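K.L.:
The sequence shown lines up with residues 4 to 97 when you count with this note's numbering. For each residue, glycine too, the CB sits at the ideal point set by N, CA and C. Given the structure is predicted, the values throughout are model-derived calculations rather than measurements.
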Amino acid sequence: MDKLDPQTARAVRVDVRRLEAEAQGVDPAAPYPDGTTIARPHQPGRGPSRVFNLRLTEEQLTELHAAARRRHLPASTMARAWLLERLGAERSSQ
């Protein structure tokens with residue numbers, strides 16, 4: 004999946020917010036209600052994340068990108084999901 008240019012990405016976010024607001028019956032131009040917290044949904048209540056670099060061959064990276072593209076995900080999200088899935092399996096087997 005190709006990365007969107009900043010202008011298109013901004014337009015998509017505006018469209019998504021409008022569609023979500025309409026589905027909930029609220030004004031999409033209204034500010035977020037007081038007390039609203041914007042958070043990364045995959046890390047609620049956790050501290051900051053850390054970066055981990057990984058070396059892959061060109062072929063492996065191409066396969067990862069293809070698998071992610073089929074699922075309409077960024078390759079880094081796909082790799083992280085697979086890694087966390089495996090860590091969960093390892094944790095369960097102990």
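Excluding the five sequence neighbours on either side, which residues of its own chain have a C-beta within less than 6 Å of the C-beta of A78, listed in chain order?
P.N.:
As a working mapping, residue 78 is identified with position 75 in the sequence shown. Here the set comprises L67, H68, A71.
K.L.:
Roughly how many whole angstroms lie between the Cα atoms of T84 and G91?
P.N.:
For this step, residue 84 is matched to residue 81 along the sequence shown. For this step, residue 91 is matched to residue 88 along the sequence shown. As written in the sequence, residue 84 is Ala, which differs from the Thr given in the question. Rounded to the nearest angstrom, the two C-alpha atoms are 10 Å apart.
K.L.:
Using a threshold of 7 Å, state whether the C-beta atoms of R21 and P31 are closer than that.
P.N.:
Your numbering for residue 21 matches position 18 in the sequence shown. Your numbering for residue 31 matches position 28 in the sequence shown. Yes, these two residues count as a Cβ contact at 7 Å.
K.L.:
For L7, which residues from the same chain have a beta carbon less than 8 Å from its beta carbon, with the 5 sequence-adjacent residues on both sides left out?
P.N.:
In the sequence shown, counting from the first residue as 1, residue 7 sits at position 4. Within the same chain, L7 has close Cβ partners V15.
K.L.:
Going by C-alpha to C-alpha distance, which of L76, S52, R73, A82 sits closest to Q63?
P.N.:
Here residue 63 refers to the residue found at position 60 when the sequence shown is read from its first residue. Measuring from the Cα of Q63, the nearest candidate turns out to be A82.
K.L.:
In whole angstroms, what separates the C-alpha of S12 from that of S96?
P.N.:
Taking the first residue of the sequence shown as 1, we reach residue 12 at position 9. Taking the first residue of the sequence shown as 1, we reach residue 96 at position 93. For the sequence presented, residue 12 should be read as Ala rather than Ser. Approximately 41 Å, taken between the alpha carbons.
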